[in-house]
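Peer 1: Protein chains in written order, with this note's numbering: chain G, 1 to 310; chain L, 311 to 1233.
By construction, the Cβ of each residue, glycine as well, lies at the ideal position given by its N, Cα and C atoms.
Since this is a predicted model, take the numbers as computed values, not measurements.
1. Under a three-way DSSP split, which group does residue 1125/L fall into?
2. Is DSSP giving residue 76/G helix, strand or coil here?
3. Could you give the C-beta distance for residue 323/L and residue 720/L, rounded to a whole number, given that I count them as a contact under 8 angstroms?
4. Between residue 210/G and the rest of its own chain, which residues show a CB-CB distance below 8 angstroms, the 5 nearest in sequence each way excluded?
5. Please check if any C-beta of chain G sits within less than 8 angstroms of the C-beta of residue 714/L.
6. Quickly, what does DSSP pair residue 630/L with across the bridge? List them, please.
7. Taking Cβ to Cβ, would you say residue 203/G is nearer than 8 angstroms to residue 171/G?
8. May I have the straight-line CA-CA distance separating residue 985/L from residue 968/L, to the nearest angstrom?
9. Taking 8 angstroms as the threshold (beta carbon to beta carbon), is residue 320/L in contact with chain G?
10. If we ignore side chains and look at the alpha-carbon of each, how far apart do residue 399/L and residue 390/L end up?
11. Can you tell me where the alpha helix (DSSP H) with residue 1140/L in it begins and where it stops?
12. Figure out for me which residue from 76/G, 118/G, 277/G, 145/G has the closest Cα to the Cα of residue 104/G.
13. What residue range does the alpha helix (DSSP H) around residue 723/L cover?
14. Hey, does residue 92/G have any beta-carbon neighbour from chain L nearer than 8 angstroms?
15. Just mark residue 557/L as buried or exposed, buried being the case when its beta carbon has 16 or more other beta carbons within 10 Å.
16. Who are the neighbours of residue 288/L on chain G, taking C-beta pairs under 7 angstroms?
17. Under 7 angstroms Cβ to Cβ from residue 688/L, same chain only, skipping five residues before and after it: list those, please.
18. On the premise that residue 1150/L lies in contact with residue 1205/L, defined as a C-beta separation below 8 angstroms, what is that separation, rounded to the nearest angstrom?
19. Would you kindly work out how many angstroms separate the C-alpha atoms of residue 664/L and residue 1176/L, rounded to a whole number?
20. For residue 471/L and residue 609/L, I'd like the C-alpha separation in whole angstroms.
21. Exposed or buried, residue 1190/L, counting other C-beta atoms within 10 Å across all chains shown (16 or more means buried)?
22. Taking just the CA atoms, how far does residue 483/L sit from residue 615/L?
23. Quick one, which residues of the stretch 836-849 of chain L are near chain G if we go by CB-CB under 7 angstroms, in chain order?
24. Tell me which residues share the same chain as residue 699/L and place their Cβ nearer than 6 angstroms to its Cβ, disregarding the 5 neighbours each side in the sequence.
25. Residue 1037/L to residue 651/L, Cα distance in whole Å?
26. Taking C-beta to C-beta, are residue 574/L and residue 473/L nearer than 8 angstroms?
27. Does the CB of residue 1/G have a neighbour CB from chain L at under 8 angstroms?
28. Going by alpha carbons, who is nearest to residue 1154/L out of 876/L, 385/L, 1060/L?
29. Could you work out which residues of chain G lie near residue 759/L, taking near to mean beta carbons separated by less than 8 angstroms?
30. What are the start and end residues of the alpha helix (DSSP H) that includes residue 659/L?
31. Strictly by DSSP, which residues pair up with residue 195/G?
32. If I measure Cβ to Cβ from residue 269/G and keep anything under 6 angstroms in the same chain, skipping five residues before and after, which residues do I get?
33. Can you give me the C-alpha to C-alpha distance between residue 544/L and residue 997/L, rounded to a whole angstrom?
34. Taking residue 76/G as the reference, give the member of 55/G, 96/G, 110/G with the closest Cα.
35. Nearest to residue 262/G by CA position, among 157/G, 48/G, 27/G, 227/G, is which residue?
36. Quick check: what's the CA-CA separation for residue 1107/L versus residue 1169/L?
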């Protein structure tokens, strides 16, 4: 991770209050995203991923912690800063079309809309909009209204719209949630292309493992914290240069990490675990496993045991 | 470096698309604005037209004595040159006109006339000499004076154009007659011109002036004269004009000769000023006596000699200036009222009721302006609330788009400009069309008020729509609490201000718009509406708890939805309450005016029908009285004897004597009538327990005052009135004196029967309470005020309906989705419909209740300041009347209107395509 990360979350906490009930959506989440990364955020329902997206997008104010996106401290935003942030720093792609596109504007006009808010000239808007639509493969549908576009086309227009003012980060919340597999793949490909060609950092919240597999990094959130990350990078020395995915458990700054659920279940880890430190690793044992091992080692060294009998 | 936010809007193209997307809601907003702005713009024009009509009508329906101006003077004016005997009289009339009648009043005068009456003469037989009878008794009690007939000369300018000679000749100068006068005169002399009495003989030769006159046929018949007959005239002792000359033996004697019979134009002709003395003599008659007071024309030829014959006696001169009602239209009534007060030439009596007529008209105009302005203001505010509600509904519907634009970087100002531009366009179109309709309907009136009013309403709508667009989020309870507190404070302050100032209209509002009175009902109604907004939450919670604990009833789910939607429904609730309050306020004020007019008609007539003799002091024929008793056993008889002299505990006074049957039996409150009762309607008069004495010509009757009353129904008296029991009065004086001249019937009597009974009786008329009510309520200002209140009430109902529809639309997608869920889960259609209606029914019921409260409270608080008695000619001191039936009717109408809105909900629920609804989700 580099020091000029585009997204930095440090011990982020978000607590919701509904009448007398409190819900803790984020419980000290840490996250760093570098510029140009294509990151997927996954997690079960209620894990806090949508809340995280809301916080990062400046739509939800965190309860505690620190968060900055594109150099903006999201806890210190004035009203004007927030508008500027949404206009120039971030772009959004939502799952529902109604949240992405204004129904009474054409595709081109939708893409131009953020540029209008930014006060750009008509010529500049038109050129930029057509370029973006071309980039997402819809240059021929520029004058169609959302109702005249398929779901996938609508999402592609939404992506172009999100890129209108050249944001540093694009946030996408389940962009393929309402799409069939093939269409979803098209949309993912568009996102990937945009990430690659424009260098825009993209953060996607998704349940779609196929989409996540296409990203550089997948961050899993569990119980309001980042639990594991899966990094995908090409192996430099492989004969095919195939992408190798490595899964990491995320270690927070105080040294806590979440063990993958399958590991926990496999070893029936409950409550406490034993840790041992080797030269290059930390071993994690179920409670009670040390004694069995010690006994096993003792049986493996008969000389020592026989010596006691003598 | 961070760039500044772009200063501009979203662009005309985006705005236009956004505007078109508004669809039916914006159309509804435009429609509301058109209707309301046209009403607001029409109202001042209507008022101007109604004011002009009312002034004309007031002048037209007034009697000649009321509306015209008369100067009166008892004086001597010499005759002019031969052939122009009355030139001096005309000249004085011109001087009075030019010097003392303001131009604004003079512009309304279409005719001038003068007339004079000579003093009254007693008519005696000719050629017998009349002996002087000292101490002629003139008491009405005894009614035993010997003189029965009196006569006066009259001359009127322009009479030759309103009369025709049908027998004989017009009056002309005659030579005097010579008479012998004295106790020792011979009975006959051969040639009186040559006769010289012997010395010592008490006999003289007198030259008696002879004057001719022309009479109407009726007068001649009553006096028993034919053309050529002569009678002797002698001054009536009580005539002040003759007091200086009636000394000693002889005095003034004239011979009157009937020269011709004339036919006069009908008395209804305004030329006569309502004075029929030339048409018929005044006759005072009952079973004991008959007095005849006649008049006849003098003629210009005889004026000089008549003046010489009655030298020293003043003639009763009148100069009349007749107003033409048709010239009144368009006159400035305020300026007229001011100018009329200036008419007061010295040494001359000015007699006119024009100031009172104008004041009555202005009082009505002020009240009309008050009522219209407050109803109009409440109407405009309620309409703005409805516009806000509809705009908010649109904003809620397009919340997703607004949120999207915000996500895309639109600043708050850019979004505000979007809403404001829509608001401006919608409002300008609506107000322009509405004002255009008003102008087209009343293009001949010119006033700034419609433009100002419509513009103010337009500004209010722009503000309401712009704020609604920005307030499409959950309401801020703190803000609501602050607004509620400020509103209550402002309401209390304005009401305290109204209470502190004098009731009625202050000087500042004599001719104009009373801002305080107009704002007050708005604040009161707004306070009630805001209270309702707070009351929604407990109502919703109660409904939700009821729904939670009940089992099995599907419709209770609607109450649960009410709990969930309560915040969103506060806004529409405010608008419905305001509109309903407007309807109730208009209904209550209308009912109050109608009640006061109804009471005034009863006060004026005294019963359902009143029959009265039109000539004062002529009693109802005895046979007619019997017929009346047979028709209605409960008929009441009475009489009014004007200008009687009384002696109170400390001083004397003049009052009308009113004698009524059954007065002692009337409900008189705490007073207990003893023998005779008296009532007073003027200050500084004797009170209960005092004795007063009715005196006339040495005769007296003592009366014990048992009560004081402001007025007596059915008796019109401009002076204090002493009211007594008629039978008791007859017992104390005589039947002739207390003979009834009026009769009152209840509503069980058939009008046609009464009319048939009086058909052939001369000088009698029937007055109906319903006719009187129609006259009171039929003047243009009353009529237009009634119409304005009706429009206000109906407008309130219409606005309530529109606000209810907006309330229905609020949350419509969520409601539709929830009802679709119910359908998918297996709910029957009827159950779904009931659930839909159950959500809004309690809310609408509450708005009707709050509307009743708001309207009644506003009316009650405004009542003392509304001067509602102006619409009942000031006869009754009326306040606001809250009539249960009218409240029931207006409530039923409101419930029907709101029920219609619910019907839309039910209709939608029935037609749900649940699959489509669920697929579309909350869009």
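Peer 2: By the coordinates alone:
1. helix
2. coil
3. At roughly 15 angstroms, the Cβ-Cβ gap does not stay under 8 angstroms, so residue 323/L and residue 720/L are not in contact.
4. 181, 184, 185, 188
5. yes
6. 380/L, 423/L
7. yes
8. Caution is warranted here: a pLDDT of 40 is assigned to residue 985/L, below 50, making its placement in the model unreliable, and the coordinate value is therefore given only provisionally. Their backbone Cα atoms lie some 15 angstroms apart in a straight line.
9. yes
10. 8 angstroms
11. 1139-1172
12. 145/G
13. 722-751
14. yes
15. Confidence is the limiting factor: at residue 557/L the pLDDT is only 39, short of 50, which leaves the residue's position unreliable and the question unanswerable from this model.
16. With chain L covering 311 to 1233 only, the question about residue 288/L has no answer from this structure.
17. 831, 832, 835, 892, 895
18. With a Cβ gap of about 13 angstroms, residue 1205/L and residue 1150/L do not count as contacting.
19. 24 angstroms
20. 14 angstroms
21. buried
22. 8 angstroms
23. none
24. 881, 882, 885, 1113, 1116
25. 44 angstroms
26. yes
27. Note that residue 1/G scores a pLDDT of 44, beneath 50, so its modelled location is shaky; the value from the coordinates is reported in the next line. Judged by the 8 angstroms Cβ criterion, residue 1/G is not in contact with chain L.
28. 876/L
29. What residue 759/L touches in chain G: nothing, since even the nearest Cβ is about 41 angstroms away.
30. Looking at the DSSP string, residue 659/L is not in any alpha helix (DSSP H); the run it does join, the beta strand (DSSP E), is 659-661.
31. Answer is none; residue 195/G lacks a bridge partner.
32. 286
33. 44 angstroms
34. 55/G
35. 227/G
36. 17 angstroms
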